[in-house]
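Asker:
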Amino acid sequence: MKLSDEVYEIYAPLNDYPRLEVVFVHGVPEDESDPKAYLTMWSKRNKETDCWLNTWLTSETEDLRLGRVLTVSYDCGVEKKADNGNMDSFQVAENLTQSLIKWARVGQQSCPVILVGHGLGGLVIKELCCEASRNVEAQNHHAVECRNFLKNLKGIFYYSTPHLGWSQSFSSEVQTGDMMECLQILIKYASRVNFQFEQLRRIYRWKTRGVGESNRTKKILSRVNFQFEQLRKIFRWSTRGVGESNPTKNFLSRDSDSAMKKLIVEEASARAGCLDGFSVVADTDHFTICRPESTVSDSFLHLVTFIEDLLREV
Numbered sequence: 002m003k004l005s006d007e008v009y010e011i012y013a014p015l016n017d018y019p020r021l022e023v024v025f026v027h028g029v030p031e032d033e034s035d036p037k038a039y040l041t042m043w044s045k046r047n048k049e050t051d052c053w054l055n056t057w058l059t060s061e062t063e064d065l066r067l068g069r070v071l072t073v074s075y076d077c078g079v080e081k082k083a084d085n086g087n088m089d090s091f092q093v094a095e096n097l098t099q100s101l102i103k104w105a106r107v108g109q110q111s112c113p114v115i116l117v118g119h120g121l122g123g124l125v126i127k128e129l130c131c132e133a134s135r136n137v138e139a140q141n142h143h144a145v146e147c148r149n150f151l152k153n154l155k156g157i158f159y160y161s162t163p164h165l166g167w168s169q170s171f172s173s174e175v176q177t178g179d180m181m182e183c184l185q186i187l188i189k190y191a192s193r194v195n196f197q198f199e200q201l202r203r204i205y206r207w208k209t210r211g212v213g214e215s216n217r218t219k220k221i222l223s224r225v226n227f228q229f230e231q232l233r234k235i236f237r238w239s240t241r242g243v244g245e246s247n248p249t250k251n252f253l254s255r256d257s258d259s260a261m262k263k264l265i266v267e268e269a270s271a272r273a274g275c276l277d278g279f280s281v282v283a284d285t286d287h288f289t290i291c292r293p294e295s296t297v298s299d300s301f302l303h304l305v306t307f308i309e310d311l312l313r314e315v
């Protein structure tokens with residue numbers, strides 16, 4: 002059921018009191034002209050018209066059968082056009098704050114909220130949480146709803162989210178959409194070193210401080226990651242995820258030379274935001290990672306286990 006231009010309710014219990022709410026945020030679709038990416042990105046493997054959210058997921062446990070499942074649609078156009086690719090992460094988050102939290106009332110029913118993001122969708126989730134926090138601090142007309150949302154949010158599950166950016170190149174002939182700025186990898190070498198150093202910093206509890214400058218892309222990723230991390234610590238959100246194992250054709254480039262297959266989101270970038278567990282799923286590329294073949298597929302089971310673990314802790 003369409004609740005707004007951005008939010009769709011895929012499944013809801015018969016009564017008005019769901020046991021939990023699970024919201025799915027898609028990434029950049031393989032076909033950027035797909036008007037139903039909010040559904041097709043969550044389809045079963047090789048069955049693009051068969052969404053697993055309202056079949057397999059809601060049949061898995063009693064909690065999920067009594068839960069509410071929603072998906073989100075937003076402007077993630079790869080190419081900047083008159084009607085696409087014109088919204089940056091701030092604008093997308095502002096829209097979702099109103100449509101998802103205010104109108105769809107996610108997080109307002111005193112039940113646990115779990116967010117699931119694929120690729121870019123994981124970064125949208127981070128920006129949404131930051132925007133909700135900004136609304137609370139500003140004490141505007143969404144403040145109460147945003148406070149409830151942040152309080153009831155219990156965890157985020159990531160499907161190949163590029164927390165440190167991704168390695169895909171864009172065609173020089175294309176003016177990229179505003180959201181694409183979130184995805185440019187900082188530096189491949191730096192991503193690996195930063196990830197490894199962060200593990201050591203946590204173990205030995207080193208303190209770090211400094212000053213510097215950065216380009217716009219790095220500022221976007223750095224800002225979102227930093228602000229989200231502060232919120233995660235305050236609200237004690239759990240973060241877990243999975244990453245792709247197989248290369249994917251560069252669907253963003255028109256140049257045949259750069260259309261060779263490679264990992265879109267490398268392990269270090271996908272793992273960086275998953276502080277409570279991460280696994281690479283065999284035989285999956287960037288798009289099939291969130292399109293399980295069956296209810297025993299690892300990409301499906303990791304999500305279900307994450308949800309079950311969170312509900313046991315509530």
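Numbering follows my numbering, in which position 19 of the sequence shown is assigned residue number 20; successive positions increment by one, without gaps.
Note that the Cβ used here is the ideal one computed from N, Cα and C, for glycine as well.
1) My understanding is that PRO30 touches LEU312, with C-beta atoms under 8 Å, so please give their C-beta distance in whole angstroms.
2) By how many angstroms is the C-alpha of VAL315 removed from the C-alpha of ASP89?
3) Among the candidates GLU33, ASP6, ALA133, ASP32, whose CA atom is the shortest distance from the CA of LEU71?
4) So does ASP299 have its beta carbon nearer than 7 Å to some heavy atom of the ligand ZN?
5) Do VAL281 and SER300 come within 8 Å of each other at the CB atom, strictly closer than that value?
6) Who are the near neighbours of PHE150 in its chain, counting only those whose CB is closer than 8 Å to its CB and skipping five residues on each side?
7) Whose C-alpha, out of PRO19, SER223, PHE288, is nearest the C-alpha of HIS164?
8) Taking three-plus beta-carbon pairs below 8 Å as touching, is the region 289–308 in contact with the region 43–57?
9) What separation, rounded to the nearest whole angstrom, lies between the Cα atoms of ILE126 and VAL93?
10) For THR162, which option in LEU232, CYS147, CYS131, GLY244 has the closest C-alpha, if you only look at C-alpha atoms?
11) Please name the residue, chosen from PRO36, PRO19, PHE25, VAL8, that lies closest to ASN96 on a Cα-to-Cα basis.
12) Label MET261 either buried or exposed according to how many other C-beta atoms from any shown protein chain fall within 10 Å of its C-beta, with 16 as the threshold for buried.
13) Indicate the three-state DSSP secondary structure (helix, strand or coil) for VAL282 in the structure shown.
14) Going by Cα to Cα distance, which pick from ASP310, LEU264, LYS250 is closest to ASP32?
15) Measure how close the beta-carbons of HIS27 and GLY122 come, nearest whole angstrom, since I'm counting them as under 8 Å.
16) Am I right that VAL266 and GLY118 are in contact with their C-beta atoms under 8 Å? What's the rounded C-beta distance?
17) Work out the CA separation of ARG241 and TYR159 for me, nearest whole Å.
18) Of the choices MET42, ARG272, PRO248, VAL73, whose alpha-carbon is the least far from that of VAL24?
19) How many angstroms separate the CA atom of THR289 from the CA atom of VAL305?
20) Quick one: Cα of THR98 to Cα of GLU10, how far?
21) Based on the DSSP secondary-structure assignment, which residues constitute the bridge partners of HIS287?
22) Should LEU154 and PHE279 be called a contact, given that it needs their Cβ atoms to be closer than 8 Å?
23) Mark LEU201 as exposed unless 16 or more other C-beta atoms lie within 10 angstroms of its C-beta, in which case mark it buried.
24) Report the rounded CA-to-CA distance for LEU40 versus LEU58, giving the unit in angstroms.
25) With burial defined as no fewer than 16 other Cβ atoms inside 10 Å of the residue's Cβ, what is the status of HIS142: buried or exposed?
26) Out of curiosity, what's the CA-to-CA distance linking LYS152 and LEU276?
27) On the three-state DSSP scale, how would you describe SER134?
28) According to DSSP, is VAL24 part of a helix, a strand, or is it coil?
29) The alpha helix (DSSP H) spanning VAL93 covers which residue range?
30) Within a Cβ cutoff of 6 Å, which residues of the same chain sit near CYS52, ignoring the five residues on either side of it in sequence?
31) So, using beta-carbon positions, are LEU232 and CYS147 closer together than 8 Å?
Answerer: The answer reads as follows:
1) In the sequence shown, counting from the first residue as 1, residue 30 sits at position 29. In the sequence shown, counting from the first residue as 1, residue 312 sits at position 311. The pair is not a contact, with the Cβ atoms about 30 Å apart (cut-off 8 Å).
2) By 1-based counting over the sequence shown, the position of residue 89 is 88. By 1-based counting over the sequence shown, the position of residue 315 is 314. Straight-line Cα distance between these residues: approximately 34 Å.
3) Mapped onto the sequence shown, residue 71 falls at position 70. The option with the nearest alpha carbon to LEU71 is ASP6.
4) Questions concerning the ligand ZN fall outside what the structure shown contains, since it holds no ligand whatsoever.
5) Here residue 300 corresponds to residue number 299 of the sequence shown, with the count starting at 1. Here residue 281 corresponds to residue number 280 of the sequence shown, with the count starting at 1. No, Cβ-Cβ distance for SER300 and VAL281 is not below 8 Å.
6) Here the question's residue 150 lines up with position 149 in the sequence shown. ILE102, VAL107, GLY108, GLN109, VAL114, ALA133.
7) Counted from its first residue, the sequence shown places residue 164 at position 163. Closest by alpha carbon: SER223.
8) yes
9) If you number the sequence shown from 1, residue 126 lands on position 125. If you number the sequence shown from 1, residue 93 lands on position 92. So the alpha carbons of these two residues sit roughly 10 Å apart.
10) Position 161 of the sequence shown, counted from the first residue, corresponds to residue 162. Answer by Cα proximity: GLY244.
11) By one-based count along the sequence shown, residue 96 stands at place 95. It is VAL8 whose Cα lies nearest to the Cα of ASN96.
12) Counted from its first residue, the sequence shown places residue 261 at position 260. Exposed is the call here.
13) Position 281 of the sequence shown, counted from the start, is the residue given in the question as residue 282. Coil.
14) On the sequence shown, position 31 is the one that residue 32 refers to. If we check each option's Cα against that of ASP32, LYS250 comes out closest.
15) Here residue 27 refers to the residue found at position 26 when the sequence shown is read from its first residue. Here residue 122 refers to the residue found at position 121 when the sequence shown is read from its first residue. Their Cβ separation, rounded to whole angstroms, is 5 Å, which keeps HIS27 and GLY122 in contact under 8 Å.
16) Along the sequence shown, one-based indexing puts residue 266 at 265. Along the sequence shown, one-based indexing puts residue 118 at 117. Actually they do not touch by this definition, with Cβ atoms about 12 Å apart.
17) The sequence position of residue 159 within the sequence shown is 158, counting from 1. The sequence position of residue 241 within the sequence shown is 240, counting from 1. When rounded, the distance between both Cα atoms is 6 Å.
18) As a position in the sequence shown, residue 24 is number 23, starting the count at 1. Taking only the C-alpha atoms, the option nearest VAL24 is VAL73.
19) For this step, residue 289 is matched to residue 288 along the sequence shown. For this step, residue 305 is matched to residue 304 along the sequence shown. Those two C-alpha atoms are separated by around 17 Å.
20) Here residue 98 corresponds to residue number 97 of the sequence shown, with the count starting at 1. Here residue 10 corresponds to residue number 9 of the sequence shown, with the count starting at 1. One C-alpha to the other measures close to 16 Å.
21) On the sequence shown, position 286 is the one that residue 287 refers to. DSSP, once it has assigned bridges, lists no residue as partnering HIS287.
22) For this step, residue 154 is matched to residue 153 along the sequence shown. For this step, residue 279 is matched to residue 278 along the sequence shown. It is not a contact, given that the beta carbons lie outside the stated cut-off.
23) The count along the sequence shown starts at 1 and reaches residue 201 at position 200. Classification of LEU201: exposed, given that the 10 Å Cβ count is below 16.
24) Residue numbering aside, residue 40 sits at position 39 when the sequence shown is read from its first letter. Residue numbering aside, residue 58 sits at position 57 when the sequence shown is read from its first letter. Looking at the two C-alpha atoms, the distance is approximately 14 Å.
25) Looking up residue 142 in the sequence shown gives position 141. That one is exposed.
26) Looking up residue 152 in the sequence shown gives position 151. Looking up residue 276 in the sequence shown gives position 275. Using only the alpha carbons, I get a separation of about 19 Å.
27) Along the sequence shown, one-based indexing puts residue 134 at 133. Reduced to three states, the DSSP call for SER134 is helix.
28) As a first step, residue 24 is located in the sequence shown; it is residue number 23 there, counting from the start. Strand.
29) On the sequence shown, residue 93 is found 92 positions in, with the first residue counted as 1. Start and end: 90–97.
30) As a working mapping, residue 52 is identified with position 51 in the sequence shown. Contacts found: LEU40, TRP43, SER44.
31) Working through the sequence shown from its first residue, we reach residue 232 at position 231. Working through the sequence shown from its first residue, we reach residue 147 at position 146. Contact flag unset, no.
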